[in-house]
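With the first letter of the sequence shown counted as 1, position 39 gets the number 39 in the UniProt record's numbering; the numbers rise by one all the way through. In this text, a Cβ means the ideal position worked out from N, Cα and C, and glycines have one as well. The structure presented is a predicted model; accordingly, all values stated were derived computationally and were not measured. Below is one structure, written out as structure tokens; comments come after it.
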Amino acid sequence: HVLLQLESIVFKNKSIPKVASLVEAMFMAEIKNLLLTAGHDLDAIDLPIKLDVSSGGEKYIQISGQEKDLIHNDMMVSDLQGITSSIIYGPDKRTQIKPDTRNVLFVVYAPPGIEKSKVFQHLQDIQKYVHIIAPKSEVELLKVYEVKD
1 HVLLQLESIV
11 FKNKSIPKVA
21 SLVEAMFMAE
31 IKNLLLTAGH
41 DLDAIDLPIK
51 LDVSSGGEKY
61 IQISGQEKDL
71 IHNDMMVSDL
81 QGITSSIIYG
91 PDKRTQIKPD
101 TRNVLFVVYA
111 PPGIEKSKVF
121 QHLQDIQKYV
131 HIIAPKSEVE
141 LLKVYEVKD
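Here it is as structure tokens:
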């Protein structure tokens, strides 16, 4: 997924999408590190969040506004109101980052074999890019969670 984004920029002369500065910071880190990342407006999330695998058929509204059924074994994140992100179909509309977003949650989807330190560095890159556009920004938690077998 991230490789396709990189190819669009390099070979098709497309620019980084201009949605919101926080999205642009996340996207730049995605391109640098080739790690798929979902960004959410933390104030729109009904905590706690849960990382899970879909059984298939779960529904949510994609960022495009279309309702989507998840396929079996898609990695997903949800809150108390429903799915906020799917690795295959992306983030939801309800928690999308907007230009007026002030509190953000970044979720990195790292496949097996990607070292924890690489994911942590990716989050630090996002932090660095966000700090450029919002010098007074603060990080409350920067942590990598691993799936236990």
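Burial state of residue i (16 or more Cβ within 10 Å)
{"i": "residue 69", "result": "exposed"}
{"i": "residue 54", "result": "buried"}
{"i": "residue 22", "result": "buried"}
{"i": "residue 138", "result": "exposed"}
{"i": "residue 140", "result": "exposed"}
{"i": "residue 115", "result": "exposed"}
Beta-carbon gap between residue i and residue j smaller than 8 Å
{"i": "residue 38", "j": "residue 85", "result": "yes"}
{"i": "residue 97", "j": "residue 41", "result": "yes"}
{"i": "residue 121", "j": "residue 142", "result": "no"}
{"i": "residue 129", "j": "residue 28", "result": "yes"}
{"i": "residue 87", "j": "residue 36", "result": "yes"}
{"i": "residue 99", "j": "residue 25", "result": "no"}
{"i": "residue 94", "j": "residue 49", "result": "no"}
{"i": "residue 82", "j": "residue 71", "result": "no"}
{"i": "residue 105", "j": "residue 45", "result": "yes"}
Proximity winner among the options, relative to residue i (alpha-carbon distances)
{"i": "residue 32", "options": "125, 130, 147 and 106", "result": "125"}
{"i": "residue 113", "options": "50, 62, 146 and 90", "result": "146"}
{"i": "residue 144", "options": "134, 118 and 135", "result": "118"}
{"i": "residue 75", "options": "91, 52 and 67", "result": "52"}
{"i": "residue 107", "options": "148, 101, 115 and 123", "result": "123"}
{"i": "residue 91", "options": "102, 103 and 66", "result": "66"}
{"i": "residue 157", "options": "134, 58 and 73", "result": "The displayed coordinates of the chain run from 1 to 149. Any statement about residue 157 would go beyond what the structure contains."}
{"i": "residue 43", "options": "101, 136 and 73", "result": "101"}
{"i": "residue 80", "options": "47, 89 and 73", "result": "47"}
Min CB distance residue i to chain E below 8 Å
{"i": "residue 141", "result": "Given the protein chain composition of this structure (a single chain), no chain E is represented."}
4 or more residues per run - each alpha helix (DSSP H) lying fully within the UniProt domain "B3/B4 tRNA-binding" (34-116)
Runs of the alpha helix (DSSP H) inside the UniProt domain "B3/B4 tRNA-binding" (34-116): none found.
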